[in-house]
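A.B. asks: Before we start, here is the structure in question, set down as structure tokens.
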Amino acid sequence: MKPSALTAPKPEVPRRRRPRWARIALTATMAAAALGLSACANLGGLNLETVGQEDQTTYVKLALNQTEAHPSYIALDNFSERFAERTDDRWVIDIYPNEQLGSQQEVLQFVSSGAIEMAIVSGTQLENLNRDFQVLNMPTTFSDVEHQMGVIRDQDIVGSLFDSLEDSNNITVIGGFTQGSRSIYTADGPLRVPADLAGQKIRVQESDMHIRMIELMGGAATPLSYGEVYTAIQSGVLDGAENNEVSYVTQQHHEVAPYWSYTNHLVGLDYMIMRSDLREAMSEEDRRIFDEEWETAMVEHTELWDVETRESIERGEAAGATFTEIDQEAFQEALAPIADEFLTTDYQRDLYDAIRADDVDSAGEES
Ligand code: GCU
Numbered sequence: 001m002k003p004s005a006l007t008a009p010k011p012e013v014p015r016r017r018r019p020r021w022a023r024i025a026l027t028a029t030m031a032a033a034a035l036g037l038s039a040c041a042n043l044g045g046l047n048l049e050t051v052g053q054e055d056q057t058t059y060v061k062l063a064l065n066q067t068e069a070h071p072s073y074i075a076l077d078n079f080s081e082r083f084a085e086r087t088d089d090r091w092v093i094d095i096y097p098n099e100q101l102g103s104q105q106e107v108l109q110f111v112s113s114g115a116i117e118m119a120i121v122s123g124t125q126l127e128n129l130n131r132d133f134q135v136l137n138m139p140t141t142f143s144d145v146e147h148q149m150g151v152i153r154d155q156d157i158v159g160s161l162f163d164s165l166e167d168s169n170n171i172t173v174i175g176g177f178t179q180g181s182r183s184i185y186t187a188d189g190p191l192r193v194p195a196d197l198a199g200q201k202i203r204v205q206e207s208d209m210h211i212r213m214i215e216l217m218g219g220a221a222t223p224l225s226y227g228e229v230y231t232a233i234q235s236g237v238l239d240g241a242e243n244n245e246v247s248y249v250t251q252q253h254h255e256v257a258p259y260w261s262y263t264n265h266l267v268g269l270d271y272m273i274m275r276s277d278l279r280e281a282m283s284e285e286d287r288r289i290f291d292e293e294w295e296t297a298m299v300e301h302t303e304l305w306d307v308e309t310r311e312s313i314e315r316g317e318a319a320g321a322t323f324t325e326i327d328q329e330a331f332q333e334a335l336a337p338i339a340d341e342f343l344t345t346d347y348q349r350d351l352y353d354a355i356r357a358d359d360v361d362s363a364g365e366e367s
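The sequence shown lines up with residues 1 to 367 when you count with the UniProt record's numbering.
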């Protein structure tokens, strides 16, 4: 197999996107890698000794499972634009939305193996590499988006966790985008209390903790990748799923499960991950620019989040979906045992306590 050249002479006309045929070819390469069909050690072919050089453009592939209308795509696209501009096109980050490069489970492996360079993955994916990430995926951990975004910028709290996959998996966690507050949506009428979930099959992300989360709330959980949820509900294999309003509407899940019930059971988190060896290979100056622009991307994403949440609700309602306030406390009570079940080591308990205490610090009192 011919490795795709990721460092190439700088084009005269700055090229921020690969043509569609190249993306399709790349997707085929990724699929082959997923099936273990590749004989290449380094599918990406990225020569780390020459990345970021003056007379070259280094093309970086970033995998995303959202549509182009999602705030994550918008913030990443602007990030890519600014990074290219500030490095005179020595770095071009190509964003591949819509699971073009594979599901999050797959792209996590591609970043680790060096087949691609960056990805946005949900925290649930990282807990399968290091269970300590579960602490940040747990229903009771974050009070709200503001609390969450403060915590993930606090190196004293998350620094060692974010570096923990470097030696084992060649993955560095750069930072995060909020997933906002997640609730349950179903095909057959809104929920009122946990008992209404009895016998209902609800899709969850690929996470032991989230399987348990649905069980505690009274339903039956089925782990499935994001891109398969619509068809699974449409065909009646599943009765519903859980997510935020933005994903609910951008993925058009409201068409097949129009009843949104505000369980608000979890404030979820996505991570920006990057090959550690690539980050190491960047010059100090480029890394500084990258980090500055990434900080701007996180701020922009959080601002967009509120606006897009409101607009998603409007779009969902206009299309016939209903958003119902329900007995949230009953669901929260049902979830209370989860912390004891999943915080099993001293490190995990300390991390959880530090995160909760951080909310006390910012709000003056625990919310
Ligand atoms: C959100 C999140 C994604 C995640 C998805 C899911 O949309 O941003 O990263 O994959 O939920 O439920 O799978």
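For glycine and all other residues, C-beta sits at the position ideal for the given N, C-alpha and C.
1) Just the Cα atoms here: how many angstroms apart are Gly114 and Leu108?
2) Quickly, what does DSSP pair Met118 with across the bridge? List them, please.
3) Taking Tyr73 as part of the alpha helix (DSSP H), name the residues at either end of that continuous run.
4) Evaluate Ser247 with the Cβ neighbour count: other Cβ atoms within 10 Å of its Cβ, from every protein chain shown; 16 or more gives buried, anything less gives exposed.
5) The ligand GCU and Ser122: does the residue's C-beta get closer than 7 Å to at least one heavy atom of that ligand?
6) Run through DSSP, which three-state label would Phe177 get?
7) What residue does the alpha helix (DSSP H) around Gly123 start on, and which one ends it?
8) For Glu242, name the three-state secondary structure that DSSP assigns.
9) If we count Cβ pairs, one from each stretch, closer than 8 Å, do we get three or more for the stretch 89–104 versus the stretch 177–192?
10) With a Cβ-Cβ cutoff of 8 Å, do Ala221 and Ile202 count as a contact?
11) Could you name the residues that DSSP lists as bridge partners for Tyr259?
12) Please list, in chain order, all residues of the same chain as Leu224 whose beta carbon is under 7 Å from its beta carbon, the five residues on each side excluded.
13) For Val307, count neighbouring C-beta atoms within 10 Å of its own C-beta (all shown protein chains included) and say buried if the count is 16 or more, exposed if not.
14) If you follow the alpha helix (DSSP H) that Thr141 is in, where does it begin and where does it stop?
15) Check for me: the alpha helix (DSSP H) holding Arg212 runs from which residue to which?
16) Taking DSSP as the reference, what is the three-state secondary structure of Asn169?
17) Sort out for me which residues DSSP pairs Asp132 with in a bridge.
18) Only counting the same chain, and skipping five residues up and downstream in sequence, which positions put a Cβ closer than 7 Å to that of Ile116?
19) Could you give the distance in angstroms between the alpha-carbon of Arg15 and the alpha-carbon of Val173?
20) Go through its chain and collect everything with a Cβ distance to Ile263's Cβ below 6 Å, but skip five positions before and after it.
21) With respect to the beta strand (DSSP E) encompassing Thr222, which residues constitute its N-terminal and C-terminal limits?
22) Do Ile289 and Phe83 have their CB atoms nearer than 8 Å?
23) What three-state label does DSSP hand Asp89 in the structure shown?
24) Just verifying my parser: in three-state terms, what is the DSSP assignment at Gly268?
25) Throw me the rounded Cβ distance for the Glu127 and Met209 pair, which I believe falls under 8 Å.
26) Report whether the distance from the Cβ of Ser247 to the nearest heavy atom of the ligand GCU is below 7 Å.
27) Please determine, among Ser235, Ser181 and Gln134, the residue with the shortest C-alpha to C-alpha distance to Thr309.
28) Would the stretch 270–281 count as touching the stretch 142–150 if we require 3 or more Cβ pairs under 8 Å?
29) Who are Asp94's beta bridge partners in DSSP?
30) According to DSSP, is Gln56 helix, strand or coil?
C.D. replies: On the basis of the coordinates in this document:
1) Rounded to whole angstroms, Gly114 to Leu108 spans 10 Å at the Cα level.
2) Leu62 and Met274.
3) Pro71 to Arg86 is the extent of the alpha helix (DSSP H) around Tyr73.
4) Residue environment: Ser247 is assigned as buried (16 or more neighbouring CB atoms within 10 Å of its CB, all protein chains considered).
5) Distances from the CB of Ser122 to the heavy atoms of the ligand GCU include at least one below 7 Å.
6) Residue state, collapsed to three classes: strand.
7) Run containing Gly123: Gly123 to Glu127, per the alpha helix (DSSP H) assignment.
8) In the displayed model, Glu242 falls within a strand according to three-state DSSP.
9) As far as the Cβ criterion goes, the stretch 89–104 does not touch the stretch 177–192, which means the pair count is below three.
10) Closer than 8 Å, so yes.
11) Paired residues: Thr186 and Thr322.
12) Only Arg203 and Ala232 meet the Cβ criterion.
13) Burial call: exposed.
14) Premise fails: Thr141 is in no alpha helix (DSSP H) and is neither H nor E.
15) Going by DSSP, Arg212 is part of the alpha helix (DSSP H) stretching over Asp208 to Leu216.
16) Asn169: helix per DSSP, three-state reduction.
17) Residue pairing by DSSP leaves Asp132 without any beta bridge partner.
18) Within the same chain, Ile116 has close Cβ partners Gly44, Lys61, Ala63, Leu101, Val107 and Phe110.
19) Here the model assigns Arg15 a pLDDT of 41, short of 50, so the residue's position is not dependable, and the following value carries that caveat. Rounded to whole angstroms, Arg15 and Val173 show a C-alpha spacing of 27 Å.
20) For the sequence presented, residue 263 should be read as Thr rather than Ile. Answer for Thr263: Ser183, Ile184 and Phe331, listed in chain order.
21) From DSSP, the beta strand (DSSP E) with Thr222 extends over Ala220 to Pro223.
22) Cβ distance < 8 Å, so Ile289 and Phe83 count as in contact.
23) Correct three-state label for Asp89: coil.
24) If DSSP states are grouped into helix, strand and coil, Gly268 belongs with the strands.
25) Rounded, the Cβ-Cβ distance is 7 Å, consistent with contact.
26) Yes, since a heavy atom of the ligand GCU falls inside the 7 Å radius drawn around the Cβ of Ser247.
27) Ser181 is the residue among Ser235, Ser181 and Gln134 whose C-alpha sits nearest the C-alpha of Thr309.
28) No, the stretch 270–281 is not in contact with the stretch 142–150.
29) Note: Asp94 sits in a beta bridge opposite Lys61.
30) Gln56: strand per DSSP, three-state reduction.
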